[in-house]
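Working notes, structure below.
In the working numbering, the protein residues as written are 159 to 540.
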């Protein structure tokens, strides 16, 4: 941006810098900052400095942000404020530089700026992320002892950290305390607790919490639904998983390919290949692209049911390239119904496509090769 000829004051400069930084054009913001100083011979205000420091931190250029911070302090014309310090603390915490973040907080205290609830929330989240749970909880205690009232962000950070540390009982205690204090859980809160319950095999409790979430007017998203669908699938409660899938779709929340694939695979493994194919068709109808794992799971279901022609049809219609697992599945399926020439033909096709047979490939061929006359070198990988 050409600033020559413009009458720039602190307010104008700050607005321009904020606009550039919001667009991620921090380098251009720095150029404008330097140019405005030369033209106006002005002392930037704290908003201009803080905008640039925050922009640099969000790009991960924390050391450059520190250099600018030092220049600001050395210039003496304006003092850092809470936003300045919080931008630095956030940038450092995102790089796991917690000692440096604490040094910034200590420096702020020396300048009569006490950390606020935003500072503490940032520090807590970083400590939890690093698995330093007790330090994070101590930080929360320190915050409350200094008279700060926790926010929803504070509680979400604690609940997330405790669930990640597999301390579900503690997380639920904080969840209930938060409600007792008249805080309303949001999508993040519910999703984290539902995931924690599912990972602890408390699926019914997770389902109840999902229903409660809806009754409270909080609409579940993919993150909230997925742990329950995967949990029900892993536990063999496939009708519950299917019910949730359909509920998701009816609410415009389309499952991702991983969720669909897990359900398809589980259905196939219990012999419900027709249900699996119905879900597969739903996946395609919802414009969710199946991957090679999805196709291989469905092909495996047909082969287990001795319906290899249908498995072969799925393979021919694949929208992506088969892999070794796909070929192994078809070789095994064909050999199990004594279609041995076709099994060997599939083996040759696999080799011609550049795939290297593995031990499972050769195990699938053994049955077929007992019935047909092929050179013994075929089984050298067995």
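Don't be surprised by glycine CBs; every beta carbon is placed ideally from N, CA and C.
Kindly list the residues whose CB is nearer than 7 Å to the CB of residue i, restricted to its own chain and excluding five residues on each side of it in sequence; keep chain order.
i           : result
residue 434 : 422, 425, 426, 456, 459
residue 363 : 355
residue 399 : 387, 390, 391, 421
residue 211 : 223, 226, 227, 242, 245, 246
residue 252 : none
residue 480 : 450, 473
residue 297 : 278, 281, 282, 285
Counting along the chain, where does the alpha helix (DSSP H) carrying residue i start and finish?
i           : result
residue 459 : 450-462
residue 508 : 498-510
residue 468 : 466-474
residue 446 : Careful: residue 446 lies outside any alpha helix (DSSP H) and carries neither H nor E.
residue 346 : 345-357
residue 481 : Counting along the chain, residue 481 falls outside any alpha helix (DSSP H), and DSSP gives it neither H nor E.
What is the rounded straight-line gap between the Cα of residue i and the Cα of residue j?
i           : j           : result
residue 267 : residue 382 : 40 Å
residue 380 : residue 414 : 8 Å
residue 370 : residue 345 : 12 Å
residue 478 : residue 452 : 10 Å
residue 385 : residue 349 : 9 Å
residue 521 : residue 393 : 30 Å
residue 448 : residue 401 : 21 Å
residue 325 : residue 361 : 17 Å
residue 442 : residue 476 : 12 Å
residue 524 : residue 494 : 11 Å
residue 373 : residue 259 : 41 Å
residue 430 : residue 406 : 21 Å
residue 488 : residue 416 : 22 Å
residue 446 : residue 396 : 21 Å
residue 504 : residue 375 : 54 Å
residue 437 : residue 288 : 39 Å
residue 311 : residue 285 : 15 Å
residue 357 : residue 236 : 51 Å
residue 256 : residue 461 : 54 Å
residue 542 : residue 463 : Any answer about residue 542 is impossible in this case: the structure gives the chain only from 159 up to 540.
residue 501 : residue 491 : 8 Å
residue 161 : residue 202 : Only weak support is given to the placement of residue 161: the predicted model assigns it a pLDDT of 41, under 50, and the question is left unresolved by the model.
residue 300 : residue 214 : 29 Å
residue 309 : residue 404 : 35 Å
residue 410 : residue 317 : 28 Å
residue 497 : residue 470 : 13 Å
residue 377 : residue 291 : 30 Å
residue 513 : residue 323 : 41 Å
residue 439 : residue 484 : 19 Å
residue 305 : residue 365 : 37 Å
residue 303 : residue 330 : 22 Å
residue 466 : residue 444 : 27 Å
So, at 8 Å on beta carbons, what are the nonlocal neighbours of residue i in its own chain, with the 5 sequence-adjacent residues on each side left out?
i           : result
residue 238 : 204, 207, 208, 227, 230, 231, 266, 269, 271
residue 328 : 320
residue 556 : Residue 556 lies beyond the residue range present for the chain, which begins at 159 and ends at 540; the question has no answer from this structure.
residue 419 : 448, 449, 451, 452, 455
residue 359 : 389, 393
residue 314 : 344, 346, 347, 350
residue 254 : 284, 287, 288
residue 334 : none
Near residue i, what residues of its chain come up, given a Cβ to Cβ distance below 6 Å and the 5 sequence neighbours on each side ignored?
i           : result
residue 536 : Here residue 536 scores only 49 on pLDDT, less than 50, and its place in the model should not be relied on; the value that follows carries that caveat. Same-chain partners within the cutoff: there are none.
residue 408 : none
residue 274 : 240
residue 518 : 486
residue 280 : 247, 248, 251
residue 353 : 385
residue 164 : Low confidence applies to residue 164: its pLDDT is 40, below 50, so where it sits in the model is not reliable, and the reading given next is rough at best. There are no such residues.
residue 332 : 316, 317
Can you give, in chain order, each stretch of the alpha helix (DSSP H) that sits fully within the stretch 196-257 and has at least 4 residues?
-> 204-216, 220-233, 240-252
Where in the stretch 366-438 do unbroken runs of the alpha helix (DSSP H), each at least 4 residues long, occur, reported from the N-terminal end onward?
-> 380-392, 396-408, 415-427
Could you tell me which uninterrupted alpha helix (DSSP H) segments, each at least 4 residues in length, are contained entirely in the stretch 247-329, listed from first to last along the chain?
-> 256-268, 275-287, 291-303, 310-322
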